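Let me begin by presenting the structure, written as structure tokens, before commenting on it.
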Amino acid sequence: MLNQLDHVLALFSRDRAEVSVLDAAAVLKWPRSTTYRLLAQIAAAGFLDRDEETGMFRLGIRLAVLGELAQASTSLQRIAQPVLRRLSQQSGETATLLLLVDGEGIAVLHSESTHPVVAKGMLGRYWPLHASAGGKVLLAWRPPVEAKRLLKTPLARFTPSTITSVPALVRELTQVRKRGFATVRGEFIDGVWGVAVPIFNHRGELEGAVTLGGPSSRVTRARLPALAAIVAGVGAELSTALGYRGEYPYATDSARGRRSGRAAKPGRSGARVRSSRAAPQRRR
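The opening residue of the sequence shown carries number 66 in the working numbering; numbering runs sequentially from there.
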């Protein structure tokens with residue numbers, strides 16, 4: 066099937082934005098019925114669109130979405146890999162990079178803890194937005210209307226600690242925005258606690274989330290604030306590397322940093338930002 070998909074996608078170019086079943090069958094040297102059936106299957110998956118009036122096929126919106134994701138994640142992954150490795154070594158816990166894909170957070174990169182007992186980063190797996198620290202970040206820095214649209218209701222329960230009430234989740238997201246980071250206490254995987262912060266791009270838009278997680282025996286309630294400060298440093302560093310020049314949305318009494326002219330755009334990421342020492346200091 067993948068080989069056939071490759072052949073079909075190769076039909077399209079800048080000079081040929083649409084193809085008919087007849088043309089596709091001629092180029093691919095397949096029977097017309099086989100060609101139509103395959104094109105219809107690919108269209109049903111969202112990779113092609115079919116014009117009902119002309120019967121012509123064109124590339125689907127899903128490919129555009131995946132293309133944008135690939136472009137963004139490639140750049141972010143390239144700079145994030147060594148940073149996540151350093152974060153994991155510094156904290157002793159598993160560090161993960163999450164992006165928003167198909168309405169859920171997907172782990173695109175991680176660096177695992179060296180401890181015998183670790184929280185797996187579940188690379189390539191979807192993380193529910195309402196039940197993971199990274200997912201809460203991906204919701205909290207979006208406009209409320211968009212955040213509610215992304216929620217799959219009723220909210221699935223994964224453990225006894227999972228938030229399944231939308232009003233309760235909205236209150237939680239408000240607190241996430243106020244303090245600049247999200248936490249999870251066994252809400253997705255029983256016994257796994259974690260903390261996450263946002264990553265912004267040069268336009269001030271939310272690009273993703275960086276998370277740190279481990280078993281509750283190590284990631285304790287008392288340790289969460291210290292871990293949040295460490296992760297916030299990484300979030301600010303990655304944001305700066307992507308060209309973000311606004312104030313980072315995390316600060317403590319001992320972590321005050323640069324203030325610069327452009328804040329994140331509320332209409333896009335919804336971020337209301339404060340400062341962080343994690344952002345590189347500008348020479349004056």
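C-beta: ideal position from N, C-alpha, C; glycine also. All values reported here derive from a predicted model rather than from experimental measurement.
When the Cα atoms are used, what is the spatial distance from residue i to residue j?
i    : j    : result
F265 : V257 : 26 Å
E158 : L238 : 24 Å
E270 : L134 : 14 Å
A212 : L234 : 11 Å
E10  : R214 : Within the shown structure, residues of the chain are numbered from 66 to 349, placing residue 10 beyond reach of any answer.
V299 : R150 : 11 Å
L70  : L93  : 12 Å
V284 : Q106 : 46 Å
A287 : A129 : 44 Å
Q146 : A301 : 15 Å
L163 : V231 : 22 Å
V249 : A294 : 16 Å
Round the Cβ separation of residue i and residue j to the nearest angstrom and send it over; I've been treating them as touching at under 8 Å.
i    : j    : result
A196 : L277 : With a Cβ gap of about 17 Å, A196 and L277 do not count as contacting.
A291 : F246 : At roughly 12 Å, the Cβ-Cβ gap does not stay under 8 Å, so A291 and F246 are not in contact.
V173 : Q142 : 6 Å
R115 : A108 : 5 Å
Hey, would you say residue i sits closer than 8 Å to residue j, going by beta carbons?
i    : j    : result
L74  : V84  : no
Y191 : V262 : no
L203 : L216 : no
F112 : R123 : no
E177 : S153 : yes
V241 : A274 : no
E252 : T224 : yes
Could you tell me if residue i is buried or exposed, where buried requires 16 or more neighbouring beta carbons within 10 angstroms of its beta carbon?
i    : result
T119 : exposed
I228 : buried
L188 : exposed
T100 : buried
L104 : buried
S304 : buried
Measuring from the CB of residue i, is there a heavy atom of the ligand COA at a distance below 7 Å?
i    : result
I144 : This structure lacks the ligand COA, and indeed carries no ligand of any kind.
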